[in-house]
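Chemist: Input: one structure, supplied below.
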Amino acid sequence: MFNNTLTKIFSNADLASYTKSIYTDIQPFTKEVSFEDGFQIDISNRMFCDIDSSITKESYVEIKDQKYKVMAIKKWDDYLEIHLYKCLRQV
Numbered sequence: 001m002f003n004n005t006l007t008k009i010f011s012n013a014d015l016a017s018y019t020k021s022i023y024t025d026i027q028p029f030t031k032e033v034s035f036e037d038g039f040q041i042d043i044s045n046r047m048f049c050d051i052d053s054s055i056t057k058e059s060y061v062e063i064k065d066q067k068y069k070v071m072a073i074k075k076w077d078d079y080l081e082i083h084l085y086k087c088l089r090q091v
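In our numbering, the protein residues as written are 1 to 91.
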C-alpha cells in the first residue's frame, strides 16, 4: 500500500460528524451493486488502509473535496479494503 492520499472520515453524511483524517491508498475500481427493487449503484473506487474501527458501513469519506459513501468493508489480516460509491450530490 502507498498510503499517500489524505482521507477525511465522517461517521455519517453530516459534515459535523468529522471523526479524523488518515492516509490511505485509493485505486480506481469498477463494480455494480444491484438491489431487489432494480436500483443499481456503481462502485468507483476502493480504498486500502490500516485496520481502523472508526470506519464502518455507515461512514462517509472525503478525498480531494469529493465525498464517497462506504459500501463494503473487507477485513484482511492487517488492513482493510473498502469499496466506495462517489456521491452524486456533494453537500
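Backbone N, C-alpha and C define an ideal beta-carbon position, used for all residues, glycine too.
Using DSSP with H/G/I as helix, E/B as strand and the rest coil, what is Ala16?
Modeler: If DSSP states are grouped into helix, strand and coil, Ala16 belongs with the helices.
Chemist: Please identify the residue among Lys8, Ile22, Ser54 and Tyr68 whose C-alpha is closest to the C-alpha of Pro28.
Modeler: Nearest C-alpha to Pro28: Tyr68.
Chemist: Considering only the alpha carbon of each residue, which of Tyr79, Ile22, Asp14 and Lys31 lies closest to Phe48?
Modeler: It is Tyr79 whose Cα lies nearest to the Cα of Phe48.
Chemist: Select from Ser59, Cys87, Met71 and Phe39 the residue whose C-alpha is nearest the C-alpha of Phe10.
Modeler: Closest by alpha carbon: Ser59.
Chemist: Got a sec? Which residues, its chain only, sit under 7 angstroms from Lys20 by beta carbon, not counting five neighbours each side?
Modeler: Result list for Lys20: Ile9 and Ser54, in chain order.
Chemist: I'd like the span of the beta strand (DSSP E) that includes Ile41, first residue to last.
Modeler: Here the beta strand (DSSP E) through Ile41 covers Gln40 to Asp50.
Chemist: Measure from the alpha carbon of Thr56 to the alpha carbon of each residue in Asp65, Ser17, Ile26 and Val70, then state which is nearest.
Modeler: Closest by alpha carbon: Val70.
Chemist: Could you give the DSSP three-state label for Lys57: helix, strand or coil?
Modeler: The answer is coil: DSSP assigns Lys57 none of H, G, I, E or B.
Chemist: Which residues in the same chain have their Cβ closer than 8 angstroms to the Cβ of Glu32, if we skip the five residues on either side of it in sequence?
Modeler: Correct list, in chain order: Gln40, Ile41, Asp42 and Ile43.
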